[in-house]
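First to last, the sequence lines map onto chains V and W. By the count of the working numbering, the first sequence reaches residue 390 at its end, each step adding exactly one. By the count of the working numbering, the second sequence reaches residue 290 at its end, each step adding exactly one. Glycine is no exception: its CB is placed at the ideal position from the N, C-alpha and C atoms. Below: one structure, written as structure tokens.
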Amino acid sequence: MNESGHIVVQGIYKIFKKGRTDEVRAVDGVDFSIKKGELFGLLGPNGAGKTTLIKCISTLLIPDDGSVTVGGYDIYKESLEVRRHIGVLTGGERSLYWKLTPIENLRYFAALYGVPRKSVKNRIEFLLELMGLTDKATVRVEKLSSGMKQKLSLARVLVHDPPILLVDEPTLGLDPYFARFIRDFVKNELNRRLGKTILLTTHYMDEADELCERIAFMNRGKIEAMDTPVRLKQSMPQKQVLEIKCQGALDKGIFDGVREAASINVSHDDGLVYVRVNTDNPEVILSNIIELVREKAKIVSVRVTVPTLEDVFVHLTGASLKDG
Amino acid sequence: MNERGGGLSSRVFHYLRAINAENIKEWKIELTYKPDFIRQFLEPFVYLFPYFLYGFALLGGRYSEHLRSLTGIGDMVAYTFIGYLFIGFLNTACWAMGFSLRKEQWFGTLETIFVAPVPRWVYVAGMALHSTCHQGLIMLIQAVAITTFFAIVLQTSGIFLALSAVLLMLLGLYGLGIVVAGLTIALKQWWVVSEALSTLIVVVTPIAYPLAVLPFVLRKVAMFLPTTYGIIGVRHFLLGENLAVSLPTIFLRLSLILVVWLSFGMLVFLMMDRYGRKRGSLSVY
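So this is what it looks like as structure tokens:
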């Protein structure tokens, strides 16, 4: 059996024991299927179970129950074949040997993946060129920037040209320039041009929205919703969002008395506080909300906009993607 | 990429290539720490000399009639040096192999290499190859330096058989190394097992003293260790030490220990790998 580029996850559970009695249900009965050539995203806050799920799929963890096939191969019975067909980007810049150069790293991984000896040199040159790392080929990894290390990690994942990629938080901790490069590369080069099937995990809403054809919201080990980004946003009963950007210290609790809002989310980014109110009638509650905010913070801007994936996530789970 | 892993021969070739890649990687990383690399070559001399000095102090010289009556070799320096030389391979098993995966955990690369399509014992085997080459090189330098300095004459005709005994001893020790590697990835603090085993083996192996001086129980324990037969055999072939057991018995027991230890090692390793993946302890240092 060989359905290249296809991931089927059915009824997966992974429970970790904590002490004698406590347990953490890291993955709690998850089902989904990814089509060949699809870019599928798992979106959820830290601790939602995304990385645990990727580890189960990549045979690093043994699930407690359920079945997973990758490219038609069973993770329990054909783990070596599963691993031959996947490239796993996890662990960020620590997934490389810092004392070795990019060429030495890639040569080592080419040998582990059984890349034919004759093609190793060309493959490595091609990947370094693709990542714009040719001039750093003989520099020790420890001397590269975080962004370059992440580019090299991507090259490492591609060294055996796998049809399926599992990409865990690829832009975590990167500056905007490298984050943009990685996103464009994943979408345009890996998915669109090379046709790779990609399972991407992220807690960045914009990243999932921009890259993924379908998204599964994951929270506390469960999948809460799964669809295209457009349909997920359309599923919101309230079609408008009142967004207030302000400076100061705001607690979500101050809005407890507001009745007209379906949900209210308070998040922090770049020293600013964002209050997002899902509602059908922003004009009705505008003055009430502004009054409450003004008591605690200085308002920078107010606008009415459409729901984002974060709003959908908050609406479905009550939790924020920045939680965890 | 290839669709399937290929036949048995291509898989074996793939694994051997991966083992060699691991060996090369270790050399490259090791050579970036130059002072430590030099230290590793000097240290065996430093550790060996206290044995000699202690012997000189007790005997009033390097020769002992009592040692000759027990072993057939009167030269304390030659006797001790050969024992010490080959016990160096114990480090290969207990430290280099045993800690190969723990080191990857520390680097943060363990999960990265564990998703490659090779069995996980391949990394331990790669480390065994590296450490054996490393230790072999140290041993060679040490042997040339000590034999020259103390004018020790070795029976060169016995070198092939001596190396055969060492090879069997090494393979047996690899079994121990793979047990420790398995225990340390799954159970973390079990590196103390390595420490304890290493100490026990050094005590009961006839490195600087013959088996005859050990208490009865420890002598029995020594009979289960590959180092005992390896070192007795090597000393017999290179220095003419008297044998308490026949040569065929030495090789037979070494072969038997090798099979038992390697099989047991693989069994423990596979169980611990599975346990670690069940428990989710692979990435935790």
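*If you follow the alpha helix (DSSP H) that Thr189(W) is part of, which residue opens it and which one closes it?*
164-192
*asked:* Is there a C-beta anywhere in chain V that falls below 7 Å from the one on Thr37(W)?
replied: yes
*Could you tell me which residues DSSP puts in a beta bridge with Val233(V)?*
Leu155(V), Leu266(V)
*Bridge partners of Met132(W), per DSSP?*
According to DSSP, Met132(W) bridges with nothing at all.
*Do Ala167(W) and Val239(W) have their CB atoms nearer than 7 Å?*
yes
*Please confirm if the stretch 176-184 of chain W is in contact with the stretch 82-98 of chain W, defined as three or more CB-CB distances below 8 Å between the two stretches.*
yes
_Closer than 7 Å to chain W by CB, Tyr174(V)_ = yes
*Any C-beta of chain B sitting closer than 7 Å to the C-beta of Pro253(W)?*
Absent from the structure: chain B. Protein chains present are V and W.
*May I ask you to list, following chain order, the residues of the stretch 186-215 of chain V that have a beta carbon less than 7 Å from some beta carbon of chain W?*
none
*Where Pro373(V) falls, given that 16 or more other Cβ within 10 Å makes a residue buried*: buried
_Local conformation of Phe106(V) per DSSP, three classes_ = strand
_Three-state secondary structure assigned by DSSP to Glu69(V)_ = A caution first: Glu69(V) carries a pLDDT of 47, below 50, which makes its placement in the model too unreliable to give a value.
*Let me know the secondary structure DSSP gives Ser99(V) once reduced to three states.*
strand
_Contact set between the stretch 210-229 of chain W and chain V, restricted to residues whose Cβ is under 8 Å from the partner_ = none
*Alpha carbon to alpha carbon, how far is Val129(W) from Pro49(W)? Give it in angstroms, no decimals.*
24 Å
*asked:* By the three-class DSSP mapping on this structure, what secondary structure does Phe104(W) have?
replied: coil
*Determine whether the Cβ of Val265(W) lies closer than 7 Å to any Cβ atom of chain V.*
no
_Cβ of Phe106(V) within 7 Å of any chain W Cβ_ = no
*Please state if the CB of Val332(V) and the CB of Leu308(V) are separated by a distance shorter than 7 Å.*
no
*Give the DSSP-derived three-state secondary structure of Lys83(V) in the structure shown.*
strand
_Whole-Å CB distance - His151(V) paired with Ile230(V), under 8 Å assumed_ = 6 Å
*Residues of chain V with a CB under 8 Å from the CB of Ala121(W): which are they?*
Arg149, Phe175, Leu178, Tyr179
*chain V within 7 Å of Ala23(W), Cβ atoms only*: yes
_Cβ separation of Ile310(V) and Ile365(V), assumed to be a contact under 8 Å, to the nearest whole Å_ = 6 Å
*Any C-beta of chain W under 7 Å from that of Leu265(V)*: no
_Run of the alpha helix (DSSP H) containing Gly270(W), from where it starts to where it stops_ = 252-284
*Report yes or no: is there a C-beta of chain V within less than 7 Å of the C-beta of Ala26(W)?*
yes
*With burial defined as no fewer than 16 other Cβ atoms inside 10 Å of the residue's Cβ, what is the status of His269(V): buried or exposed?*
buried
*Residue(s) in a DSSP beta bridge with Ile310(V)*: Val341(V), Val368(V)
*What's the C-alpha gap between Leu105(V) and Met132(W)?*
38 Å
*Identify, in the order they occur along the chain, each residue of the same chain with its Cβ nearer than 8 Å to the Cβ of Val370(V), setting aside the five sequence neighbours on each side.*
Gln306, Val307, Leu308, Glu309, Pro348
*Check distances from the C-beta atoms of the stretch 114-139 of chain W to those of chain V and list, in chain order, the residues that come in under 7 Å.*
Thr114, Glu116, Thr117, Ile118, Phe119, Val120, Ala121, Pro122, Val123
*Have a look at Lys84(V) and Asp293(V) and give me their C-alpha separation to the nearest angstrom.*
34 Å
*What are the partner residues of Thr135(V), as DSSP defines its beta bridges?*
Val74(V), Asp140(V)
*Given a limit of 9 Å on CB to CB distance, which residues of the stretch 116-148 of chain V reach chain W?*
Thr118, Lys121, Ser124, Thr125, Leu126, Leu127, Ile128, Asp130, Ser145, Leu146, Glu147, Val148
*asked:* Pull the bridge partners of Val93(V) from the DSSP assignment, please.
replied: Lys80(V)
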